Amino acid sequence: MVLEVIIGPMFSGKTTELIRLIEREVFAKKKGAIFKPSLDRRYSEKEVVTHNGLRYKAYQVLPSRGGVRRLEKIATEKGIDAVGVDEIQFFPEELVEVLDRLSFTKKVIACGLNLSFRAEPFRTTMELTVRADKVTYLSAVCVRCGREATRTQRLISGKPAPKDSPLFVVGGKELYEPRCRLCYEPPK
Ligand SMILES: [Zn+2]
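Taking numbering that gives the first Met the number 0, I'd label the letters of the sequence shown as residues 0 to 187.
Structure, rendered in structure tokens:
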């Protein structure tokens, strides 16, 4: 019955917040599940048990139109009350329509990156954000100066990745840094 979107750069705690919000629904005896894009092209389903003994399902679906359809099918057929979706930027725009539709009967909480390493918006994140009933914009801490960071810098051997490098490259601290708008270096 509601669509919530959590956005921000890498290392801003989006997934942690998503899990917290789903777990509190599960605590209130709602059926919760978290969907995330499968980056190795495989479908998977596992059960997560929290330290409080709460249980919810975590599904990996392909970041494709088929994966989005599967997400809708699972959420509907399994009667999930609280649908969490992680890393929405990886999904095609079909996700927007599906989550918008699901949010008439379910609580939908989606999270994802605000901007690409080029500091450009991700279409799916943007489209979903403006349709949301509630938006939480998280920031990280700039590794350079300690200000609030809203950008994600991709680095290759310590230098900003070139502008023409791929939009999606999976990595962690070795590849990405949260930076504020002053410290962010636009790729060339
Ligand atoms: Zn800074």
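By construction, the Cβ of each residue, glycine as well, lies at the ideal position given by its N, Cα and C atoms. These numbers come from a predicted model, not from an experiment.
Between Pro-62 and Glu-119, the alpha-carbon positions lie close to 20 Å from each other.
Between Val-107 and Leu-2, the beta carbon gap of about 5 Å places them in contact (Cβ cut-off 8 Å).
In the structure shown, Glu-71 adopts helical secondary structure according to DSSP, grouped into three states. Within 6 Å of the C-beta of Arg-146 there is at least one heavy atom belonging to ligand 1.
Under the rule that a run must span 3 or more residues, the beta strand (DSSP E) segments found entirely inside the stretch 83 to 171 read 106 to 112, 133 to 136 and 150 to 155. Distance from Ile-33 to Thr-135 at the Cβ level is roughly 16 Å; contact not present, criterion being Cβ atoms closer than 8 Å. In the DSSP assignment, Phe-34 forms a beta bridge with Tyr-58 and Val-84. In the DSSP secondary-structure assignment, Val-25 is not bridged to any residue. Take Val-47, set aside five residues on each side of it, and the residues of its chain with a beta-carbon closer than 8 Å to its own are Ile-33, Arg-54, Tyr-55, Lys-56 and Ala-57, in chain order.
For Ser-43 and Gln-59, the gap between their C-alpha atoms comes out near 5 Å. The count of Cβ pairs closer than 8 Å, one atom from the stretch 79 to 87 and one from the stretch 12 to 27, reaches three, so the stretches are in contact.
Relative to ligand 1, even the nearest heavy atom lies 6 Å or more away from the CB of Leu-166. Assignment of Glu-76 by DSSP, reduced to helix, strand and coil, places it in the helix class. Annotation: the continuous beta strand (DSSP E) that includes Glu-44 extends over 43 to 48.
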